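Working notes, structure below.
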Amino acid sequence: KNEVEQSPQNLTAQEGEFITINCSYSVGISALHWLQQHPGGGIVSLFMLSSGKKKHGRLIATINIQEKHSSLHITASHPRDSAVYICAVRPYYKLIFGTGTRLQVFP
Amino acid sequence: GAVVSQHPSRVICKSGTSVKIECRSLDFQATTMFWYRQFPKQSLMLMATSNEGSKATYEQGVEKDKFLINHASLTLSTLTVTSAHPEDSSFYICSARDTRDTEAFFGQGTRLTVV
């Protein structure tokens, strides 16, 4: 069993839909990252969380440390949100990555 | 926000040659840099961790003589793929952590093709 599990693996949506991507992990962590990887390969760090909730534009990330679970929400999704979203947890100095959620938003 | 510049973005080389990939932190000092490899449709796999001024720590199964890592300054780390083979073809990406250790910043990645 992977230490970081993401669901769903693939997700398609119509423009404007509310999207949720989930991440569960099985290790103790000091932080959790949500990353976005576009088709070209470059990775952008969206959030780093250690507790609670963060919001940036249409993106919201939450984490429940007790339940070892985090969610990434995208409100009013847009085709430019199409990317792979990766959850990564940090038990100590290095990151452990989930396998990613491939999101496609259609106009 | 902080920027990590990785160069080159794409490289094609012949088997047996060496390729150097650079990772620079442009507006912060990176005490620690990480090098990852990513196979198609798979997640990132940590290859090694480098700390400025000291030897890199390689993950199990990664050949340190093949993947040479140098972190000579707080803003630059390099990965050299020596005697490249077609099976080394992959996407390589670096990540840097600042001295406050509050975030992880990623380079744009390098797609290496060995022919």
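Protein chains in written order, with the numbering used here: chain A, 38 to 144; chain B, 10 to 124.
Backbone N, C-alpha and C define an ideal beta-carbon position, used for all residues, glycine too.
Nothing here was measured: the structure is a model prediction, and the numbers come from that model.
Inset, instruction - Examine chain D for any beta-carbon lying closer than 8 Å to the beta-carbon of B:Q117, and answer yes or no. - result: Included in the structure are the protein chains A and B, with no chain D among them.
Legend entry - DSSP-derived helix/strand/coil call for B:D74: Position 65 of the second sequence, counting from 1, holds the residue named residue 74 of chain B. The three-state reading of DSSP puts B:D74 in coil, since its state is none of H, G, I, E or B.
Inset, instruction - Kindly list the residues whose CB is nearer than 6 Å to the CB of A:T112, restricted to its own chain and excluding five residues on each side of it in sequence; keep chain order. - result: To locate residue 112 of chain A, count along the first sequence from 1; it is residue 75. Excluding positions up to five away in sequence, the list reads F55 and R95.
Inset, instruction - Under 8 Å by Cβ, that's how I've got B:F43 and B:T58 pegged, so tell me the actual separation to the nearest angstrom. - result: As a first step, residue 43 of chain B must be located in the second sequence, where it is residue number 34. As a first step, residue 58 of chain B must be located in the second sequence, where it is residue number 49. The C-beta distance from B:F43 to B:T58 rounds to 5 Å, short enough to meet the 8 Å contact threshold.
Inset, instruction - Have a look at A:K90 and A:L72 and give me their C-alpha separation to the nearest angstrom. - result: Taking the first sequence and counting its residues from 1, one reaches residue 90 of chain A at position 53. Taking the first sequence and counting its residues from 1, one reaches residue 72 of chain A at position 35. Taking the straight line joining both Cα atoms gives about 16 Å.
Legend entry - Short-range partners of chain B found in the region 123–140 of chain A, where Cβ spacing is below 9 Å: Taking 9 Å as the Cβ-Cβ cut-off, the region 123–140 of chain A approaches chain B at I123, A125, R127, Y130, K131, L132, I133, F134, G135, T136, G137 and R139, given in chain order.
Legend entry - Min CB distance A:H93 to chain B below 8 Å: In the first sequence, counting from the first residue as 1, residue 93 of chain A sits at position 56. It does not; no Cβ of chain B falls within 8 Å.
Inset, instruction - Check whether the Cβ of B:R46 lies closer than 8 Å to any Cβ atom in chain A. - result: Working through the second sequence from its first residue, we reach residue 46 of chain B at position 37. Closer than 8 Å: no.
Inset, instruction - For A:S107, go through chain B and note every residue whose CB falls closer than 8 Å to its CB, in chain order. - result: Walking along the first sequence from the start, residue 107 of chain A turns up at place 70. Taking a Cβ-Cβ cut-off of 8 Å, A:S107 has no neighbours in chain B, whose nearest Cβ is about 16 Å from it.
Legend entry - Backbone secondary structure at B:D36 - three-state DSSP: Within the second sequence, numbered from 1, the residue matching residue 36 of chain B stands at position 27. Coil, per DSSP.
Legend entry - Cα-Cα separation, A:I58 to B:G25: Your numbering for residue 58 of chain A matches position 21 in the first sequence. Your numbering for residue 25 of chain B matches position 16 in the second sequence. Going by the C-alpha atoms only, they are around 43 Å apart.
Legend entry - According to DSSP, residues forming a beta bridge with A:A113: Counted from its first residue, the first sequence places residue 113 of chain A at position 76. DSSP, once it has assigned bridges, lists no residue as partnering A:A113.
Inset, instruction - Using only alpha-carbon positions, find the residue among B:A105, B:D74, B:A81 and B:C103 that is nearest to B:V90. - result: Taking the second sequence and counting its residues from 1, one reaches residue 90 of chain B at position 81. Check the Cα spacing between B:V90 and each of B:A105, B:D74, B:A81 and B:C103: the tightest is with B:D74.
Legend entry - Beta carbon proximity, B:R33 to chain A, threshold 8 Å: The residue given as residue 33 of chain B occupies position 24 in the second sequence. B:R33 is outside the set of residues whose beta carbon lies under 8 Å from a beta carbon in chain A.
Inset, instruction - Per DSSP, which residues does B:S104 bridge with? Please list them. - result: Taking the second sequence and counting its residues from 1, one reaches residue 104 of chain B at position 95. Note: B:S104 sits in a beta bridge opposite B:F43 and B:F115.
Legend entry - C-alpha gap between B:I102 and B:Q51, whole angstroms: For this step, residue 102 of chain B is matched to residue 93 along the second sequence. For this step, residue 51 of chain B is matched to residue 42 along the second sequence. Straight-line Cα distance between these residues: approximately 13 Å.
Inset, instruction - Identify the contact partners of B:F114 in chain A, using a Cβ-Cβ distance below 7 Å as the criterion. - result: Taking the first residue of the second sequence as position 1, residue 114 of chain B is located at position 105. By Cβ distance, chain A contributes S82.
Inset, instruction - Closer than 7 Å by beta-carbon distance: list the chain B residues that pair up with A:H70, in chain order. - result: Within the first sequence, the letter at position 33 stands for residue 70 of chain A. Simply A113.
Legend entry - Straight-line Cα distance separating B:E72 from A:D118: For the purposes of this step, residue 118 of chain A is identified with residue 81 of the first sequence, where counting begins at 1. For the purposes of this step, residue 72 of chain B is identified with residue 63 of the second sequence, where counting begins at 1. Using only the alpha carbons, I get a separation of about 37 Å.
Inset, instruction - Given a cut-off of 8 Å, decide if B:L121 and B:V20 are closer than it, judged by their beta-carbon atoms. - result: Along the second sequence, one-based indexing puts residue 20 of chain B at 11. Along the second sequence, one-based indexing puts residue 121 of chain B at 112. Yes. Within cutoff.
Legend entry - Residue interval of the beta strand (DSSP E) (run including A:G89): Residue 89 of chain A sits at position 52 when you count from the first residue of the first sequence. Per DSSP, A:G89 is one residue of the beta strand (DSSP E) stretching across G89 to H93.
Inset, instruction - Spell out the partners DSSP gives B:Q51 in its beta bridges. - result: Position 42 of the second sequence, counted from the start, is the residue given in the question as residue 51 of chain B. Partner(s): none; B:Q51 has no beta bridge.
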